[in-house]
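Using the numbering used here, the letters of the sequence shown map in sequence onto residues 8 to 139. Yeah, the Cβ is synthetic: ideal placement off N, Cα and C, and Gly gets one too. Reviewing the structure listed below.
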Amino acid sequence: MPGLKEILDNITDIPPLKQPGTVLSKHERLKSYYHTLEISMECTNAEEALAQINTKLEEIEDFYSGIEKVQKPTMKYDGRMYPVMEDNIVRQNGRIIAKTSGNDIIIENNGSYIIFVRGTNIELFKKIKHEN
Numbered sequence: 008m009p010g011l012k013e014i015l016d017n018i019t020d021i022p023p024l025k026q027p028g029t030v031l032s033k034h035e036r037l038k039s040y041y042h043t044l045e046i047s048m049e050c051t052n053a054e055e056a057l058a059q060i061n062t063k064l065e066e067i068e069d070f071y072s073g074i075e076k077v078q079k080p081t082m083k084y085d086g087r088m089y090p091v092m093e094d095n096i097v098r099q100n101g102r103i104i105a106k107t108s109g110n111d112i113i114i115e116n117n118g119s120y121i122i123f124v125r126g127t128n129i130e131l132f133k134k135i136k137h138e139n
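What follows is the structure, encoded as structure tokens:
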């Protein structure tokens with residue numbers, strides 16, 4: 008069975024933006040999410056990057072999941088993806104290490120970050136800040 012990365016890689020086109028309320032599959036939402044992160048402005052620090060990661064995911068899920076947001080979600084998947092919960096964040100020397108039900112996220116103090124499949128070193132998305 009292919010992994011999530013292979014599944015996402017097989018979705019060659021970014022789904023066109025649709026009217027909010029249109030339900031997209033999880034894979035279409037993930038592809039849209041990573042595309043949204045890719046075209047978003049670079050962050051200047053880890054806290055900005057974490058906010059961007061969380062805000063963009065909530066926007067995609069609010070518009071396209073078709074599932075109402077739960078105020079205190081658990082790590083159990085209910086059909087909707089949730090941002091990083093505060094109790095799953097470790098802050099060290101300006102760096103952030105965060106966990107979601109499906110991902111490990113390493114955010115550097117300069118705002119660069121990598122999203123991995125949880126418990127592996129398989130990269131799903133990388134946004135590296137370009138220093139001038």
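Between residue 71 and residue 31 a beta carbon distance of about 4 Å is seen, short of the 8 Å cut, so the two are scored as contacting. In terms of Cα proximity to residue 43, the closest of 123, 109, 66 and 104 is 66. In chain order, 71 place their CB closer than 7 Å to the CB of residue 29, counting only its own chain and leaving out the 5 sequence neighbours on each side. Take the alpha-carbon of residue 86 and the one of residue 117: they are about 33 Å apart. The distance from the Cβ of residue 102 to that of residue 115 is about 6 Å, consistent with a contact at the 8 Å cut-off.
In the DSSP assignment, residue 121 falls outside any alpha helix (DSSP H) and lies within the beta strand (DSSP E) extending over 120-124. Per DSSP, the continuous beta strand (DSSP E) segment holding residue 130 begins and ends at 130-134. In the structure shown, the three-state DSSP call for residue 36 is helix. Residue 100 sits in coil when the DSSP states are folded into three classes, being neither helix nor strand.
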